[in-house]
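Taking my numbering, I'd label the letters of the sequence shown as residues 15 to 492.
Following: one structure in structure tokens, then a few remarks.
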Amino acid sequence: MGVADWADGLFDRIDSARAEANALFEPTLRLGITGLSGAGKTVFITGLVASLLDRSRMRLLKAAAEGRIEAAMLRPQPDPEMPRFAYETHLSVLDGDPPAWPESTRSVSQLRISLRYRPAGIMGLFGPSVLHLDIVDYPGEWLLDLPLIEQDYETWAEAALATARSDARAPHAEIWHRSLDAADPKAEHDEVTADGLATAYRGYLGACRRAGLSSLAPGRFLLPGELDGSPALTFVPLPNPGRHRRNALYAQMRERFDAYKRVVVKPFFRNHFARLDRQVVLIDALAALSMGPRALGDLTATMAETLGAFRHGQSSWLDRLLGGRKIDRLLFAASKADHLHHEQHPELIGLIEGMLAEAARRAEWSGTETRAMALSAIRATAEQEIQQNGETIRLVRGPRLDDRKEVALYPGALPRDVAAVLAEAQTAAPGSAPPDWPDAEYAAVRFAPPRWRKNNGKAPPHIRLDTALDFLIGDKLR
Ligand code: GDP
15 MGVADWADGL
25 FDRIDSARAE
35 ANALFEPTLR
45 LGITGLSGAG
55 KTVFITGLVA
65 SLLDRSRMRL
75 LKAAAEGRIE
85 AAMLRPQPDP
95 EMPRFAYETH
105 LSVLDGDPPA
115 WPESTRSVSQ
125 LRISLRYRPA
135 GIMGLFGPSV
145 LHLDIVDYPG
155 EWLLDLPLIE
165 QDYETWAEAA
175 LATARSDARA
185 PHAEIWHRSL
195 DAADPKAEHD
205 EVTADGLATA
215 YRGYLGACRR
225 AGLSSLAPGR
235 FLLPGELDGS
245 PALTFVPLPN
255 PGRHRRNALY
265 AQMRERFDAY
275 KRVVVKPFFR
285 NHFARLDRQV
295 VLIDALAALS
305 MGPRALGDLT
315 ATMAETLGAF
325 RHGQSSWLDR
335 LLGGRKIDRL
345 LFAASKADHL
355 HHEQHPELIG
365 LIEGMLAEAA
375 RRAEWSGTET
385 RAMALSAIRA
395 TAEQEIQQNG
405 ETIRLVRGPR
415 LDDRKEVALY
425 PGALPRDVAA
435 VLAEAQTAAP
445 GSAPPDWPDA
455 EYAAVRFAPP
465 RWRKNNGKAP
475 PHIRLDTALD
485 FLIGDKLR
């Protein structure tokens, strides 16, 4: 080893010792933000960061209300190999003329915001402390891949083929089924056939998503992240043909399925998921409700699948990886609550509590504190009350995204008996909805984001983002 190498090594060791010492005094909290596509992750993180940088609307974050947060600052990425959450780009779109919603989450990314705060009580006398908050954004669809780790190709393929033939899905799978019928699993593998099959399978998953169905594993097929076009994503379920050659299509698919687990699924859980301390799970329950009982039933089942990743005993591989480590706080958040008057928020919370009851019970059993909330990270509407036939109707209004025309929205009553609604959702025939199902149109309205900087100040208007943050980081700022 030359002197220069030796010196480099020494400096590396000093650097890492310094980083460790700093970590002791400046703790880091890794906060995961997830949810299925369109649930509101990008908007949530952008709103959250803007609201931490300018805390004028954070009255229910106690440390902010008590004036103990002295400064907040975006800091360089601690993990150089991880893409940075594009906060400034998203903010400039939201704040553009006209304001627009930013591009949604496609992959995993991270942002560090550091808070300098004065601890409460006597500890405050020793001067300020620092908390580094690492916010990690990732698609909820990727959590659906966890069960694959302990499955072999045969088992996975059999289940995936049966799902595609189910009543709810077969109408979206016609092209896939034609491609499947034309393929011979025993024939010699060739790339064109494999590619054609993969495209047809992805097309089927995409059609399911457009129809409001949520369970769309493997998670990377619709959200490939940096793996778009990679051979690890060109596998499909095929029926087991019995004895076959080593170079048969079936054998190749099995190999790719194994590669997917090895190079895609495991690294995600190991490098990102296993390092999280706390987690927000966003759920767009209103959109599913507006698409009918089937979509709501499917979302409920999919959430149960994704939330399996947060409980012990679900995957022995993950349990081994985590050791005793666990997520200690889990927030279930019904997003886009600005689509409803606040008087209806308890019903929205009741709905997600009903949908996630089993997952919450299991998480609490493993020692994770859970909370359900209805929130809006960037509030696009205002509330209004009107009198109609002697009755008060409570609605919301705001500019529609397409034409910026002011529209008023009232969905009707949300279901109160959540258990009955979910039971109905399990058994509903395709396309049918009971007569008392809420108005299907209301969640289809996309409001335009507000012009908050021009009108009101530096932080965006929101609903309960401060309460959410107090649950997520409040204890670390004491
Ligand atoms: P992601 O796929 O989870 O990253 O979802 P996004 O954060 O991109 O949100 C998807 C869409 O939902 C946005 O483009 C907005 O139209 C809408 N949205 C998200 N959050 C809010 C909110 O707080 N209020 C309103 N009105 N719309 C929202």
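Where a beta carbon is used, it is the ideal one built from N, C-alpha and C, also for glycine.
Start-to-end residues for the alpha helix (DSSP H) that takes in residue i
i: His353; result: That residue, His353, is in no alpha helix (DSSP H); it is neither H nor E in DSSP.
i: Phe282; result: 280-285
i: Met267; result: 263-273
i: Arg223; result: 205-224
i: Arg376; result: 371-379
i: Asp416; result: Looking at the DSSP string, Asp416 is not in any alpha helix (DSSP H), and its letter there is neither H nor E.
i: Thr177; result: 167-178
i: Ser229; result: It is not in any alpha helix (DSSP H) - Ser229 carries neither H nor E in the DSSP assignment.
i: Asp333; result: 330-336
Residue range of the unbroken beta strand (DSSP E) whose run includes residue i
i: Val144; result: 143-151
i: Arg385; result: 383-388
i: Arg343; result: 343-348
i: Ile189; result: Per DSSP, Ile189 belongs to no beta strand (DSSP E); it is in the alpha helix (DSSP H), 188-196.
i: Ala396; result: 396-402
Helix, strand or coil at residue i [DSSP, three-state]
i: Val410; result: strand
i: Val421; result: strand
i: Leu157; result: helix
i: Arg308; result: helix
i: Val294; result: strand
i: Arg44; result: strand
i: Ile477; result: strand
i: Phe235; result: coil
i: Phe58; result: helix
i: Glu438; result: helix
i: Gly322; result: helix
i: Phe249; result: coil
i: Glu164; result: coil
i: Gly327; result: coil
i: Gly49; result: strand
> Enumerated in chain order, which unbroken segments of the alpha helix (DSSP H) with a length of 4 residues or greater are wholly contained in the stretch 63-141?
Replying inline: Correct list: 76-79, 101-108.
>> I need the residues with a C-beta less than 6 Å from some heavy atom of ligand 1; please give them in chain order.
In response: This selection yields Gly49, Ser51, Gly52, Ala53, Gly54, Lys55, Thr56, Val57, Trp115, Ser118, Thr119, Ser349, Lys350, Asp352, Ser390, Ala391, Ile392, Ala394, Arg460, Phe461.
>> For the pair the stretch 284-293 and the stretch 42-58, tell me if three or more CB-CB distances fall below 8 Å.
In response: Flag = yes, the stretch 284-293 and the stretch 42-58 touch.
>> When you compare the stretch 328-348 with the stretch 402-419, are there three or more beta-carbon pairs, one atom per stretch, that lie closer than 8 Å?
In response: Counting C-beta pairs with one atom in each stretch, the stretch 328-348 and the stretch 402-419 have fewer than three that are closer than 8 Å, which means they do not touch.
> Would the stretch 220-240 and the stretch 153-167 be scored as touching if the rule is three or more Cβ pairs under 8 Å?
Replying inline: The stretch 220-240 and the stretch 153-167 touch, with no fewer than 3 CB-CB distances between them shorter than 8 Å.
>> For the pair the stretch 366-384 and the stretch 408-417, tell me if three or more CB-CB distances fall below 8 Å.
In response: The stretch 366-384 makes no contact with the stretch 408-417; the number of CB pairs closer than 8 Å stays below 3.
> Quick one: any contact between the stretch 76-85 and the stretch 101-117, if contact means 3 or more CB pairs under 8 Å?
Replying inline: The stretch 76-85 vs the stretch 101-117: no contact.
> Okay, do the stretch 174-182 and the stretch 273-283 touch, 3+ Cβ pairs below 8 Å being the bar?
Replying inline: Not touching, per the Cβ criterion.
> Touching or not, the stretch 325-344 and the stretch 379-388, by the rule of three or more beta carbon pairs under 8 Å?
Replying inline: In short, these stretches touch, since the Cβ pair count reaches three.
> For the 8 Å Cβ check, are there 3 or more pairs between the stretch 230-247 and the stretch 325-335?
Replying inline: These segments do not touch.
>> Closer than 8 Å is the cut-off here; do at least three beta carbon pairs connect the stretch 163-172 with the stretch 59-67?
In response: The stretch 163-172 is not in contact with the stretch 59-67.
> Within the chosen definition, does the stretch 136-148 reach the stretch 213-221 through at least 3 CB pairs nearer than 8 Å?
Replying inline: Cβ pair count under 8 Å is below three, so no.
> Counting pairs of Cβ atoms below 8 Å between the stretch 87-104 and the stretch 120-139, do you hit three or more?
Replying inline: At 8 Å Cβ cutoff, the stretches touch.
>> I'd like to know if the stretch 259-266 and the stretch 179-192 are in contact, where contact means that at least 3 CB-CB pairs between them fall below 8 Å.
In response: Contact annotation: the stretch 259-266 does not touch the stretch 179-192, with fewer than three C-beta pairs closer than 8 Å.
>> Quick check: the stretch 355-371 against the stretch 185-205, are at least 3 beta-carbon pairs closer than 8 Å?
In response: Contact between the stretch 185-205 and the stretch 355-371 is absent: fewer than three C-beta pairs spanning the two stretches fall below 8 Å.
>> Three or more C-beta pairs under 8 Å: does that hold for the stretch 345-363 against the stretch 388-399?
In response: With the cut-off at 8 Å, the stretch 345-363 and the stretch 388-399 touch.
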